[in-house]
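Novice:
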Amino acid sequence: MKQNYKSVKMALLFMLLPFFVFAQNEITGTVQDDNGVPIPFANVIEQGTRNGVTTDFDGKFIISVDNLPATLEFSSLGFTTVSQQITDTSPVLIVLSESLESLDEVIVTGLATSIKRSNSANAVASISAEQISGTTPAPTLDGALYGKFAGAIVNSNSGAPGGGLSVKLRGATSITGNTQPLYIIDGVYVSNASIPAGLNAVSGAAAGGSASNQDNPTNRIADLNPYDIENIEILKGASAAAIYGSRAAAGVVVITTKRGKAGETKYNFSQSIGATSILNSLGQRTYTEQRVEDSFGVAAVADFTAARDAGRLVDYEDEIYGENGFISNTNFSASGGTENTRMYAGISHNNEEGIVARTGYEKTSLRLNIDHKATDYFKISFSTNYINSISNRGFFNNDNTGTTIGVSLTGVTPYFDLFPDANGVYPDNPNGSSNPLQTRDRATNKETVNRFIAGTTINLDIYKAEKSNLELVARGGIDYFGQQSRAIFPKDLQFQRPENGGVNGASIQGNSQYKGYNLAAFLVHNYLPNDTWSFRTQAGLTNEFFRLSTELVVATGLIASETNVDQAANVGIDQTRNFQEDSGFFVQEEINYKDQFIGTLGLRGDKSSLNGDPDEFFYFPKASLAVNFNKFGFWNDDSIWNQFKFRIAYGEAGNLPPVGATFTSYDAFSTGGLLGLSLNGVLGNSDINFERQKELEFGTDVSFFDGKLSFSGTYYIKTIDDLILSAAIEPSTGFTTEVVNAGSLRNNGVELAVNATPFSNENFRWDTGINFFKNTSEVTELGVDPFNIGAFGATLGTFRIEEGSSATQIVGIGPNPGANGFQLHGDAEPDFQIAFNNSISYKNFDLSFLWQWKQGGDNVNLTALLTDLNGTSHDFDDVDLDPSGQLGNGPYRLSQLGSSAEVFVEDASYLRLREVGLYYNFTPTLLKGILGGRIDGLRLGFSGTNLINIFDYNSYDPEVSNFGGNSIFTGVEVTPFPSSKRFLFHLAVDF
Amino acid sequence: MKKIVNNIYVFLALLVVTTACDVQEFDDLNGPEVTGFEQGITRGDLQDLVGGIFYSTRDRLGTYLDDCGVLGREYWRFSSSDPRFTGDLLGGGNAVLDNNTFYITGPWGSRYRTVKNANLILGFLDNAVGTGEFSDAEISATRGFLRTFIAYELLLNLNLTDEGGIRLDVVDEDNLGPFVSKTEALQGIRSMLEQAITDLNQGSDFPFPLTGGFTGFDTPDTFVQATNAIAARVAAYQNDSSGVLTFLNNSFLNLNVGDLNTGIYHVFGADPTDFLNPMFFPITATTAGARVMQPSFLTDGETGDIRLNKVQQRSEPLTLDDLTGDYLVFLYNSNIDPIAIIRNEELILLYAEANITVNPIEAVNALNIVRNSASLGDYMGATDEASLVDEMLNQRRYSLYAEGHRWVDMRRYGRLNELPIDRPEDDVFSQFPIPLTENQ
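These protein sequence lines map, in sequence, to chains A and B. Each residue of the first sequence is one higher than the last, beginning at 1 in the working numbering. Each residue of the second sequence is one higher than the last, beginning at 1001 in the working numbering.
Shown next as structure tokens:
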């Protein structure tokens, strides 16, 4: 039956074909690259019209034109565009040169439209599939962004498997509001929430006066499979992101997934296996009898000598962090379809173990993308993605109960015996409340996520004529996930046993349901009155709704070995619901004069339920101009100048107030069984509104020698007005904070990029690129009193917001305080960042590597202090901190405690070989004999992440954040899960 | 022409915009809002709101008691994850007390939180007068209860900042009263308590339940005895002996050997929305969290004093930050044992203190009640004022060990310099700085 249907279709096609042939002039031809390799899917467009086709797998095309001669424009991503006048219907051969600058790739400028990069007035970063997973596949999507473009600080919060990264674009965008970009995948707004697992109930981390979440959960963008991604575009600031309005101040990451390609179904299978190990272990203090006696008292000396003489000294750092985690990534994808209906299907399974036993990350992702062209004027496309991910995060970071693995390890000396006996009973840690081996082996901290993301786009050509057309684009998307967290602390844990002050086991289980949907409709009108002018007008409506409900159950006093929360003596439930609805409109006009001047004007209007007045519209304008000097005819076609563009863009965008900022509310508690309501400490502000970012960026893009050398430079000035501040108010009011709009912040930054192809011939090609990024911030106005924020107070180093200073300055007590009473000890902002990327291919070998250098930027490192207090620091007896050369580092740091925070603020510079990959591609001739020539490509390789790391920072890794990534006050370290490096072997087959 | 047609489309689109962009407004989905009570409260509401007072009065109580206990050199607080307990609080090295660190900001903010909770209820009650929901006597009783707590919470904050003073008038968060001197603050707190006594005396039964910590003090007639007891403590801080005796006369003072623990208490629970007793650490506690006795507590003690059982010896000594000890504070047997707000043992000692100048013999009698209760013989020393003050302070040291008194007592008698120093560079601080965020 299927066969018959196919035949009917073929017959119909043959019947139709002659009709076209007779009616029009049919031009045929082939599009190739410099080496004579056909370029599939290249665009062939009749200039000045919307008539266009794409080439097939062999680079061949057939296009019908009304009149001859006609000018055809040939373009393909990664190649220079060629225009050629065709005078007759004889076959043509078109050669496109590879373009390093990808001048002709398109980038997003409107919610429904895109523009050629060469005409863009913004420095929009674009990252291809090759850059995302070509060198070495990152475990999570955000992990693939390191060093790939100028203007971002990507920072890992901990080394725990399964993510926990923050991406910050162009400096400090908010003091207390969201600083993470908005993620949009195939038109669907996706959540990047980090939902804490409630570990605070055991760790008590927030009890020390620091209310921030220190649970270090995964951020949900980690769910996306990097292999599915075709392209990522990063709108770094308001000048580009204004069209996204009130949620775009931290930038927008627009992700496009792979779509099916018409033709024979193509399959790709790839398998990577490898291992992960600790990036940098600290080592142990070198103990001697005298040192043991000094630090732990006379009684401990006998324990030490006995263990030493019996050869029982244990390196517990190695015991805990010394695992080599196994990594396996499997991907399979299929792409194919007809001209009318195309599909891409992908399935992947990742399994990564951590460097601590019983930690790991496992993810399964299924994707199905379908594009259907129902008629010439109606297209519909679907994207669907199901993800199941499980992460075992371990129990790390700050605590106030001495229970996390990291904190308890600080009190462990090598002569302790913490291993279980023959019956599996763990001895208590004599110098801490937790035996870290027992906690590792017995406690569980697991997040399970089931997520479904689906989006639909409909394109309807309402009206089409020679010089103008009108298109309707409608888009809907839904992002739904259920996240379960299970943190189980069995009753036999040292700190859970009642005789040790424990609560006899704790089972903390969270259940979160998230649903976000977004709807949008746009009308796009193109008007091309003549060859010199073109106008594009668009207008649309958007509506977004987000709903997150989390129930967290804390059960203590577990019955027997049960973990169900009802099998417990005490059960507490906390439910949190966050609902938000935003609505807005968007209009934009683009004017293009001969590709010489390209101007854009746009306006977005937004309302949000999070504002003090949800019915008030807020407006976000944008305007930009690009001038292509190379189109003015100064240079002829053989000139070395390919592009010389000047661009300037201005835009505004917003950042919404935090949920609940408008309310003065109570929380419910109990006292010996009696229920009660107590204020939650936040004074509501019914006047709270967006904070508004205004960004002006300008720069130039220049390229020479057919794009073999290019330079791009951008300078931006970004101000944030009506800063949303969680202002500390006088605690005698009974409240501790009020969310207010008070202040302004300015960021100035430079982004420079040079790309070059110094060598390129048949056998050898070298592509290199370097990008540089520097940002400085300043609080220019502050409507509230200066305040300290983040970290753990001035004794240990804290951030401070005050007028005229950097937004990320780190101050503390010290011998030379400034006028504000604090000494300036550092700044979290790096001096600059440089990434150096190289890709070399020789015959069948591909080598690529990426170096990343972050210079400056300080952390507050408290890990060393905690080990000092316990006399276990690896550098306790080294003498290189004390200016007088008297004290060992441990005693010196302790001597500074309470008098100066300087020693806790450390330079977090690093130089890393972030990615390296070496691959061998089998030539088609070699593969011919295998499976009857069915195999199109075979690639074998090796890759690594973070293989070389150079830093002076006194801990596992300067890239760390105890408080997660959602604020600008991040580089604070308290016994984190150490970072790791990865090695992978790869096999990929195309067939 | 076509352009005009298309412009009409754009116009139509804009028209839709203006009508289709409404967003939903949400109330606070996660907790009751203050505004919800302003229009009037029911008996059930009042019960919940008062329940919050019992809750928040315990918030950061452990930090307050550690502040007093460590500065008063009763014990050292070990916390391997927070160095400031053995650094800042003991003045180790060059350390001084910071004005933006948890040891002051935590308890200070929590006490004022209770004050605000109570002031809001007083406001809601004003709106409830005449609505028939509560009788006037019930409202009066509730006011007396709330004012007692406001005064008590303010007193604890004043104990921390001492000469730095506190804000007395904090009813309107947008228009806070000034910081007042210690003298003025004590007078204000006393007036508040006197007002509470008047309110309670006009009250009928409380229209809300009290926790088990108030057994025997759960009606206005009996609760007022506790209010008088707190007022007696305030009068003692004011050096007003006759005031102390007057208040004690109306309190639950019982001058009998053995009855030391009658009083009002904070209670605790293992329910996750409740607090555990923050002063409980097991005898197996480690440097992760322990209260290690300052050695002079035992060396200065009299043989046979059963109060020396308030510390217990650990199997091995604990060492942190150059401090080593093997006796741990062991005042409570479990993590849900109650902690006293004020109890008879303190009242007997306040009675003794007030009588030192007025009636030294009665003072000695009172001290002997305490001594005999601790299995010690009668006081045999001199009965001049200085000797009796020495003895009174010594009995307070052992009777009220780790209950937040020693530091305050030594300060009011100008004897902080007599407290032991454990490490060469340690300092004994006399008061905490006013929190930074008070903008003083």
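Quick reminder that beta carbons are idealized off the backbone N, C-alpha and C, glycines included.
1) Against chain C, does Asp399 (chain A) count as a neighbour if the rule is that its beta carbon must be under 8 Å from one of theirs?
2) Taking three-plus beta-carbon pairs below 8 Å as touching, is the stretch 81 to 95 of chain A in contact with the stretch 668 to 687 of chain A?
3) Would you list, in chain order, the members of the stretch 850 to 879 of chain A that have their beta-carbon closer than 9 Å to a beta-carbon of chain B?
4) Please report the straight-line C-alpha distance between Ala197 (chain A) and Val298 (chain A), rounded to a whole angstrom.
5) Excluding sequence positions up to five away, which residues of its chain have a Cβ less than 8 Å from the Cβ of Asp1059 (chain B)?
6) Can you list the alpha helix (DSSP H) stretches of 4 or more residues lying completely in the stretch 316 to 379 of chain A, in chain order?
7) Closer than 8 Å, CB to CB, is Phe669 (chain A) near chain B or not?
8) Quick check on DSSP: helix, strand or coil for Met1279 (chain B)?
9) Rounded to the nearest angstrom, what separates Gln1440 (chain B) and Gly1165 (chain B) at their Cα positions?
10) If you drop the 5 nearest sequence neighbours on each side, which residues of the same chain put their C-beta closer than 6 Å to that of Gly283 (chain A)?
11) What are the start and end residues of the alpha helix (DSSP H) that includes Pro490 (chain A)?
12) What number of angstroms, rounded off, separates the C-alpha of Ile195 (chain A) from the C-alpha of Thr218 (chain A)?
13) If you check the beta carbons only, do Leu165 (chain A) and Asp142 (chain A) fall under 8 Å apart?
14) Which ranges would you report for the beta strand (DSSP E) in the stretch 801 to 841 of chain A if only whole runs of at least 3 residues count?
15) I want to see whether chain A comes within less than 8 Å of Pro1178 (chain B), judged by CB atoms only; does it?
16) Any idea which residues DSSP pairs Arg451 (chain A) with across the strands?
17) Pull the bridge partners of His525 (chain A) from the DSSP assignment, please.
18) Which chain A residues are close to Val1034 (chain B), counting only those with a beta carbon under 9 Å from its beta carbon?
19) If the criterion is Cβ atoms closer than 8 Å, does the pair Ala794 (chain A) and Asn859 (chain A) meet it?
20) State the CB to CB distance for the pair Asp1088 (chain B) and Tyr1103 (chain B), rounded to an integer number of angstroms; the pair is presumed to be in contact (CB under 8 Å).
21) Compute the Euclidean distance between the alpha carbons of Ser90 (chain A) and Thr28 (chain A), then round it to the nearest angstrom.
22) Looking only at its own chain, which residues have a Cβ that is under 7 Å from the Cβ of Ser1387 (chain B), when we skip the five neighbours before and after it?
23) Evaluate Ala1374 (chain B) with the Cβ neighbour count: other Cβ atoms within 10 Å of its Cβ, from every protein chain shown; 16 or more gives buried, anything less gives exposed.
24) Could you give the distance in angstroms between the alpha-carbon of Phe759 (chain A) and the alpha-carbon of Asn388 (chain A)?
25) Using beta-carbon positions only, say whether Asn518 (chain A) and Val188 (chain A) come within less than 8 Å of one another.
26) Using a Cβ-Cβ cut-off of 6 Å (strictly less than) and excluding sequence neighbours within five positions of Glu697 (chain A), which residues of its own chain qualify?
27) Just reading off the alpha helix (DSSP H) that Ala1236 (chain B) is part of, what are its end residues?
28) In chain A, what lies closer than 7 Å to Ser1373 (chain B) by C-beta?
29) Do you know how far the Cα of Asn861 (chain A) is from the Cα of Phe904 (chain A)?
30) Should Gly672 (chain A) be flagged as near chain B, meaning a C-beta pair shorter than 8 Å?
31) Note the first and the last residue of the continuous beta strand (DSSP E) segment covering Ala238 (chain A).
32) Listing by chain order, which chain B residues have their CB less than 8 Å from the CB of Thr795 (chain A)?
33) At what residues does the beta strand (DSSP E) containing Trp1108 (chain B) begin and finish?
34) Could you check whether the Cβ of Phe1330 (chain B) sits closer than 8 Å to any Cβ belonging to chain A?
35) Return the chain-ordered list of same chain residues with a C-beta closer than 6 Å to the C-beta of Leu368 (chain A), the five sequence neighbours on each side being excluded.
36) Identify the contact partners of Phe579 (chain A) in chain B, using a Cβ-Cβ distance below 9 Å as the criterion.
Specialist: Looking at the coordinates:
1) The chain labelled as chain C is not found among the protein chains of the depicted structure, namely A and B.
2) no
3) Leu862, Leu865, Leu866, Asp868, Leu869, Asn870 and Gly871
4) 42 Å
5) Ser1110, Arg1113, Thr1114 and Phe1275
6) 316 to 321
7) yes
8) coil
9) 11 Å
10) His874
11) Unbroken run through Pro490 (chain A): none, as it is neither H nor E.
12) 8 Å
13) yes
14) 809 to 812 and 823 to 827
15) no
16) A:Ile387 and A:Phe481
17) A:Leu470 and A:Thr537
18) Phe663, Thr664, Ser665, Tyr666, Leu679 and Gly684
19) no
20) 7 Å
21) 7 Å
22) Gly1381
23) buried
24) 44 Å
25) yes
26) Ser239, Ala649, Thr714 and Tyr716
27) Pro1220 to Tyr1237
28) In chain order: nothing, as chain A lies at least about 27 Å away.
29) 5 Å
30) yes
31) Segment Ala238 to Ala241 is the alpha helix (DSSP H) holding Ala238 (chain A); no beta strand (DSSP E) there.
32) Arg1084, Gly1087, Asp1088, Ala1095, Asp1098 and Thr1101
33) Segment Phe1102 to Ala1128 is the alpha helix (DSSP H) holding Trp1108 (chain B); no beta strand (DSSP E) there.
34) no
35) Ala345 and Thr384
36) Gln1024, Phe1026 and Leu1029
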